Each structure stands twice: as C-alpha cells, then as structure tokens.
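Quick notes on the structure that follows.
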Amino acid sequence: EEEEERVLVSEHIWRPCPTTRRRVRGCLEWVRRQLFRVGEDWYFLFILGVLMATISFATDIIIVRLHAAHMWLYREIGDIGVLKYLSWTLFPTALAAFSTGFSQSITPYSGGSGIPELKTILMGVVLEDYLAIQNFGAKVVGLACTLTCGSTVFLGKLGPYVHLSAMAAAYLGKMRTTVTREYENKFKQHEMLVAAQAVGVATVFGAPISGVLFSIEVMTPHFAVRDYWRGFFAATCGAFMFRLLAVFNSEQETIAAVFKSDFKIDFPFDLLETFFFLILGTICGIVACAYLFCQRWMVVAIRRNRLTAKLLATDKPVYTVLVVLLLASITFPPGLGQFMASRLTMKEYLISLFDNRTWGVLAANTSGVAKPGGLWQEWDHPSATIYSTLTFFLLMKFWMLILATTLPLPAGYFMPIFIYGAAIGRLVGEVVALLFPQGLHSEGPPRPIIPAGYALAGAAAFSGSVTYSLSTALLVCEATGYLGHILPTVLAVLVANAISQKNQPSFYDGSIIINKLPYLPPIRSRHIASYQVVVEEFMECQVVALAKGDGFQEVLAALDASADAEYPVVESTGSPTLVGTVSRSQLVTFLQSHKHPQAPQGEKLATVGTLGDDCTIEPIMLQFSPWTSLHQAHHLFQLLKLQRVFVTRSGELVGAVSRAEEKR
C-alpha cells in the first residue's frame, strides 16, 4: 500500500491539472481533425516542396560564394604560371576527393544521381537502403562539394535532387503515419515518391509543369491520374518558394525564370527555318546515340580494367583525384581551357549560349569600336573563330563528360547534356546565320537568324533524346520564360527521340543495365511475331508446391529445396488445384512450433498438425493462363508491380513466372 501511495503521489506531482490537460488534448485533437478534413497529404506535400526549395537555394548560395572565392584566389595569385595552375587544379581536386570520401564513408548508396535506383523502386522492387535518411546528409554535403568544382568537372544537380526529394518524401511519409496514427501504407508511400520526382525538377529549374511531365516520362511506365494533382501541387510549391527566395535575397525584383532571356517576340523564326530545326534534331539524335554507346562502354571498360577496378573497390577518393586532376588540367584557362570558355560556371554557360545576339556578327567587328561586353566574349578568342571554339568545346566535352560520369560521387548528369545540346544548337544556329546573314528571304525587310533559338532547340533535343523525354521542350521554355520557338523545338525533340529510341537505351536504363539492378526492361520489339510468344514458352515448370495436408517433413523439404518468399498451396498431392499461397516466414514458424518425428520425447511441442490447419493461406488474386501472351504478362507486371505470378490450367498449378523469366 505504501508503494502504491508513493506512485500515486509521484504521478500527481509530475502530471498536475488532469482536467486542463484533457481539455487541451481534446482541443488539439479537434484542430487536427479540422485541418485534415481536406486530406493530410496536401500538408506534407507542401512541406516537401518548401523544404526542398530551401535546401536547393541554400546550396546554390554556398556554391556561388565558394566559386567566387576560388576565382578570387586564381586572379590574386599573380602571373606565376605554376601557382595559377595549382590554384586552378587543386581546389576542385580537393573538393571532389572530399565529396567522394565523405559520402562513401557514410553510405555507399549516396553516389551517382539516384534516378536509376528510383526507377527500380517505383517498379515495385524494394531497395530500402537508397531511401534511408542517413543518405540525405551525405548526399547534400557531397553534392555541394561536387557542384563547387564548377565546369571543371562539368556535372549538375538534377538527379541528386530528385533522389533527395524521394528520401525526404519517404521520411515525411513515416511522419504522416505517426501524426495520423495510421498503419504505414505502401500505396501512400508510392504517391509521395511520385510527387517527389516532380519536386526535384521544379526546385532546380523552377519549372513545375515540365517537372511533373519529366517525372511521368522518365520515372514510371504507368502513371496514376490521382498522382497528377499531388505532383503539380508539390512541384508548384517548390518552384514558387525557390524563386521567392531569390527575391528575398535581392537577386531579382520579382519572380522570373531561372535563365531569363531577351528574345525578340515580333518575328522569332522564318517558316523555312523549320528545315534547319529538323536537321538539328537529326544531329542531336545521332550524337546522343554515340554518347549513350560510348558512356556505357567507358563504364564497363573502367570496371574491367585491373587498376581502375581496384581503385574503385578500395580507394575511390584516389580514383576521383586522378580523374579530376586530368579534367582540371585540360580546362586550365591559359592552356586548352581558353578555347572552351572554361572560366564560366554551369549557369553562365547556359546564359551565354542563350544570348539573343549573333556571335559571328559581334566577333567580326574589326573596326576601332569596342566590342559589346557580355559572357559571349569567353567564346571569342583572338586566334580562333566562334565556330572553332564551339566545335572544340563539343569535341572535348564529349569524352570529358563521359569520363566524369564514372566518378563515384554525388552528381547529376542532366544539366551537362542540357548545356552540351545548347552548344550544338548554338553552333548550328551560328552556321545558318553565317550562310544567310539577311535571313532566308532576300526580299522585304531583313529578318536575321536568331542562333539562340537553335540553342534552345538543341538543349531540349539532345537532353530529351538521351533521357527519352519530350518534356524537355517545355522545360527550356519554362526555364527561359520564352515560348516563341516552342513548335520548332518540339519538332527537333521528336526527331532526336525517334533516332535515339530506335538505336540505344536511355541513359538511366543503360545505368540500370550496367549496375544489374532488378528492373524489368521494356519490350523493344514490335514485330508481329513477338505477340505470338505465350507464357507457356518461358515459364518455370518446376515449382516447389505444398499440399494442405502436408506436415513437418514436407514443409522442411520445401524450405530446403527453394528460397522463395512464398509457396503455392494445392488442394492435395493427387489434386494440384491451386488454392492459395503461404509465406516463408509462416512455414518457419510452423516448423518451430511442431516437433520433428525423430525428436526426443521430452520436447513440449505439438506433435501433429498440418499446413492447412496451422498456417494462414492467402487467396490468389491473379494468375496467368499458359496461353497468356508475353505482352499481356509484361503489361501486368509493370502496371501492378508484380514479383511472381503462378500459372494454372483449368485451376491446376502448372508453373510460375517471375521477373527473371519475364526479363529473359
């Protein structure tokens, strides 16, 4: 009684005013119910967009200041060649080495872009380590160091921010279950992940519409309409907050495009220029095929080489140092870098390539009048023409970008190909402007060619053909705030995609193939014979099955014979009618609760019992017929995110089809 009295006194001391506390809890519960009447998802999607926009903007500020410090050091160090070379090369080398070592020491899943792994997760494959919250900090810090290297390494941040958004969405999904006091729902988690893909694009380019479309095209083969509004809402919140922070930071007077342009709206392009835009799309498609093939070949060759394979297995920072030192040496401004505009940042590259003026006309100014200033002067060299510097840039960045994709650090690969495509378009536009200085019509007022329009189309066409997406045509319009060249841009993107999709897998699908992720590839063949392939031709015929009347020995033999996650259950050994499935964990519990026939008599376990009596048999929701076509099975595997489906003939079990058989 004294112990109980002491406990009551203790509770009374530490929890006073029980009536007030009950009223406060009741008020909070009422507020929660009122707030969640519209659906709790919208609040967490709003938090996701604002959070990722804040992180993206803060990262950009840190990168700009660190890059400015690097440029200040490079300028103030004097004219001593050795010191200038060391200041140019050691800064990005040290940052890249730290990025690799820091991210890999925390988790090995923080390297790369993360989009191939997310595609695999959205297809129904469980890769929990890639969405763990400890990856978040490692990827943010590592990515900031990678981007501070600037155009020396020539990498971006789109892919990592899509991965970061997915990790934040997974964590917010767990918080939602805690707040709403519900069980974790995998369908809700999938909806949050789909919205997170759009947020990642929106907080990089400030483009919510193309962000949603890009996530639909690149990430999932089947998109649920109910996720459409969620993606738009989260992407709009992220893009609005991202641009609003720029206004608060006095970078802009109002909310505007990230790469604001000054294109002429009165006459953007001549109708006959459509032919040159089609040629541009063809060039981008061919170059994209070469890039995709060479990139996969390079990754495989580096992994097979003894020296590089050993470095990537044991000393990843050493490999990063060697590669970045090579890239930094090539981009050294007094050296080859002077022909590649190497002093420009990634953002300045796009701003300069989207310049409304014709560089060929500006560079040809040989009079005593000073040339107009601007970033375009980085492309103008006294001993070379604009056309030669653009060509040299394209030739060098082709293999340098491929080599940079092998670095084991957090980095994105969309922005580099976006800039590369803009350079292709700029070169084509400058050549067309050189051939037709007064425009394509000799009669009437002069209507000169606008090379910046070709740069827009080239950026969309090349990046779209590499990633298998058409939304890049809208992305360039949202990023620049200009819609005058939307139609020729779409034509160029369509032509480039038609060429690349016919010959090469996309960049992300190629990464999935190289990394051997459990991903179901699309059926590329559309020949009439492929529709005649049926499940019976490739299904697994030897399936380990259990009967409802099986006991200890039969269950033990089944677990030893196969490592499947679930086992089919038939009516009896003589009647193989499929009645359901039982999980492996339940079978293990069944063995632990029953006694082996040869066990000592002293054990206090159940001696009798069958599978049908002691285990929960789950009903079969879907089954294939032996005559189900390959295309039908593939469509159902993708749509329902299936892992394994049993095949029955007249209700009797005859085989099974898993992702392995489907892929083969």
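Under my numbering, the first residue of the sequence shown is numbered 464, with each subsequent residue one higher. Note that CB positions come from ideal geometry on N, CA and C, so glycine has one too. Just so we're clear, the structure is a prediction, and the values are computed from it rather than from any experiment.
Rounded to whole angstroms, what's the CA-CA distance from residue 568 to residue 627? Just pull it up for me.
The count along the sequence shown starts at 1 and reaches residue 568 at position 105. The count along the sequence shown starts at 1 and reaches residue 627 at position 164. Distance between the alpha carbons of residue 568 and residue 627: 18 Å.
Are the CB atoms of residue 870 and residue 436 within a distance shorter than 7 Å?
The requested residue 436 does not occur in the structure, where the chain is confined to residues 464 to 1127.
Which runs of the alpha helix (DSSP H) spanning at least 4 residues fall entirely within the region 910-971, listed in chain order?
For the region 910-971, whole alpha helix (DSSP H) runs of length 4 or above, ordered along the chain, are 914-930, 935-943, 949-966.
Going by the CB atoms, is the gap between residue 605 and residue 872 shorter than 7 Å?
Here residue 872 refers to the residue found at position 409 when the sequence shown is read from its first residue. Here residue 605 refers to the residue found at position 142 when the sequence shown is read from its first residue. Closer than 7 Å, so yes.
For residue 1111, write down the residues that DSSP places opposite it in a beta bridge.
For the purposes of this step, residue 1111 is identified with residue 648 of the sequence shown, where counting begins at 1. Residue 1111 is bridged to 1116.
Could you pull the start and end residues of the beta strand (DSSP E) that residue 1030 belongs to?
Indexing the sequence shown from 1 puts residue 1030 at position 567. Per DSSP, residue 1030 belongs to the beta strand (DSSP E) from 1029-1033.
What is the rounded straight-line gap between the Cα of residue 883 and the Cα of residue 530?
For the purposes of this step, residue 883 is identified with residue 420 of the sequence shown, where counting begins at 1. For the purposes of this step, residue 530 is identified with residue 67 of the sequence shown, where counting begins at 1. Taking the straight line joining both Cα atoms gives about 21 Å.
Taking buried to mean at least 16 other C-beta atoms within 10 Å of its own C-beta, is residue 705 buried or exposed?
Numbered from its first residue, the sequence shown carries residue 705 at position 242. Per the 10 Å Cβ criterion, buried.
For the putative contact between residue 738 and residue 948, defined by C-beta atoms under 8 Å, what is the C-beta separation to the nearest angstrom?
Translated into the one-based positions of the sequence shown, residue 738 becomes position 275. Translated into the one-based positions of the sequence shown, residue 948 becomes position 485. The distance from the Cβ of residue 738 to that of residue 948 is about 15 Å, inconsistent with a contact at the 8 Å cut-off.
Per DSSP, residue 1128 is paired with what?
Nothing can be reported for residue 1128: it is not among the residues displayed for the chain, which extend from 464 to 1127.
Secondary structure of residue 1046, DSSP reduced to three states:
Position 583 of the sequence shown, counted from the start, is the residue given in the question as residue 1046. The DSSP-derived three-state label of residue 1046 is strand.
Grab me the residues of residue 1045's own chain with a C-beta within less than 8 Å of its C-beta, minus the 5 sequence neighbours each way, in chain order.
Taking the first residue of the sequence shown as 1, we reach residue 1045 at position 582. Cβ neighbours of residue 1045 beyond the five flanking positions: 1009, 1029, 1030, 1032, 1074, 1078, 1079, 1080, 1081.
Spatial neighbours of residue 1040 within its chain, please: C-beta separation below 7 Å, excluding the five flanking residues on both sides.
As a first step, residue 1040 must be located in the sequence shown, where it is residue number 577. Here the set comprises 1033, 1034, 1114, 1115.
Since residue 740 and residue 814 should fall inside the 8 Å C-beta cutoff, what is the C-beta to C-beta distance between them, to a whole number of angstroms?
Position 277 of the sequence shown, counting from 1, holds the residue named residue 740. Position 351 of the sequence shown, counting from 1, holds the residue named residue 814. 22 Å between Cβ atoms; not a contact.
Kindly indicate which residue of 966, 720, 1120 has the alpha-carbon position closest to the one of residue 1092.
Along the sequence shown, one-based indexing puts residue 1092 at 629. Of the candidates 966, 720, 1120, the one whose C-alpha sits nearest the C-alpha of residue 1092 is 1120.
Pull up the CB-CB distance for residue 651 and residue 636, whole angstroms please, since I reckon it's below 8 Å.
Locating residue 651 in the sequence shown gives position 188, where the first residue counts as 1. Locating residue 636 in the sequence shown gives position 173, where the first residue counts as 1. The pair is a contact, with the Cβ atoms about 6 Å apart (cut-off 8 Å).
Secondary structure at residue 654, three-state DSSP: helix, strand or coil?
Position 191 of the sequence shown, counting from 1, holds the residue named residue 654. In this structure, residue 654 counts as helix in the three-state DSSP scheme.
Using a Cβ-Cβ cut-off of 7 Å (strictly less than) and excluding sequence neighbours within five positions of residue 540, which residues of its own chain qualify?
Looking up residue 540 in the sequence shown gives position 77. Closer than 7 Å at the Cβ level, and outside the excluded window around residue 540, lie 546, 547, 550.
In the DSSP assignment, what are the bridge partners of residue 1087?
Locating residue 1087 in the sequence shown gives position 624, where the first residue counts as 1. For residue 1087, which the question treats as bridged, DSSP gives the partners 1110.
When you compare only the Cα positions, how much space is there between residue 910 and residue 892?
For the purposes of this step, residue 910 is identified with residue 447 of the sequence shown, where counting begins at 1. For the purposes of this step, residue 892 is identified with residue 429 of the sequence shown, where counting begins at 1. Looking at the two C-alpha atoms, the distance is approximately 14 Å.
Close Cβ partners of residue 799 (< 6 Å) along its chain, the five nearest in sequence each way excluded:
By 1-based counting over the sequence shown, the position of residue 799 is 336. If we look at residue 799 and ignore the five residues flanking it on each side, its Cβ neighbours are 793.
Could you tell me the distance, in whole angstroms, from the CA atom of residue 761 to the CA atom of residue 1015?
Here residue 761 refers to the residue found at position 298 when the sequence shown is read from its first residue. Here residue 1015 refers to the residue found at position 552 when the sequence shown is read from its first residue. Roughly 53 Å between the two C-alpha positions.
Please work out which residues of its chain come closer than 8 Å, Cβ to Cβ, to residue 565, disregarding the five sequence neighbours upstream and downstream, and give them in chain order.
Looking up residue 565 in the sequence shown gives position 102. Counting only Cβ-Cβ distances below 8 Å, and skipping sequence neighbours, we find 601, 604, 605, 608.
If you follow the alpha helix (DSSP H) that residue 769 is in, where does it begin and where does it stop?
By 1-based counting over the sequence shown, the position of residue 769 is 306. Its alpha helix (DSSP H) spans residues 769-777.
For the 8 Å Cβ check, are there 3 or more pairs between the region 709-717 and the region 889-903?
A contact is defined here as three or more CB-CB pairs under 8 Å, and the region 709-717 fails this definition with respect to the region 889-903.
Rounded to whole angstroms, what is the Cα-Cα separation between residue 886 and residue 954?
As a working note, residue 886 is residue 423 in the sequence shown. As a working note, residue 954 is residue 491 in the sequence shown. Roughly 18 Å separates the two Cα atoms.
Do we get a CB-CB distance below 7 Å when we pair residue 814 with the residues of chain D?
The chain labelled as chain D is not found in the depicted structure, where only one protein chain is given.
Coarse secondary structure for residue 1056, derived from DSSP in three states
Translated into the one-based positions of the sequence shown, residue 1056 becomes position 593. Three-state result, residue 1056: helix.
Is it buried or exposed, residue 473, if we count other Cβ atoms within 10 angstroms and call 16 or more buried?
As a working note, residue 473 is residue 10 in the sequence shown. Note that residue 473 has pLDDT 49, beneath the 50 cutoff, so the model's placement of it is unreliable and the number below is only indicative. Per the 10 Å Cβ criterion, exposed.
Helix, strand or coil: how does DSSP classify residue 1041 here?
Your numbering for residue 1041 matches position 578 in the sequence shown. Looking at residue 1041 - three-state DSSP - the assignment turns out to be strand.
Under the rule that 16 or more other beta-carbon atoms within 10 Å means buried, what is residue 995, buried or exposed?
On the sequence shown, position 532 is the one that residue 995 refers to. By the 10 Å Cβ count, residue 995 comes out exposed.
Test item: CB-CB of residue 1118 and residue 1110 under 7 Å
For the purposes of this step, residue 1118 is taken as the residue at position 655 of the sequence shown. For the purposes of this step, residue 1110 is taken as the residue at position 647 of the sequence shown. In contact: residue 1118 and residue 1110 (Cβ atoms closer than 7 Å).
Where do the N-terminal and C-terminal ends of the alpha helix (DSSP H) with residue 566 fall, by residue?
Here residue 566 corresponds to residue number 103 of the sequence shown, with the count starting at 1. For residue 566, the uninterrupted alpha helix (DSSP H) segment begins and ends at 544-569.
Taking Cβ to Cβ, would you say residue 676 is nearer than 7 Å to residue 934?
To locate residue 676, count along the sequence shown from 1; it is residue 213. To locate residue 934, count along the sequence shown from 1; it is residue 471. Yes.
Counting along the chain, where does the alpha helix (DSSP H) carrying residue 671 start and finish?
Working through the sequence shown from its first residue, we reach residue 671 at position 208. Note, residue 671: alpha helix (DSSP H), 671-682.
Please classify residue 714: does DSSP put it in a helix, a strand, or coil?
If you number the sequence shown from 1, residue 714 lands on position 251. If DSSP states are grouped into helix, strand and coil, residue 714 belongs with coil.
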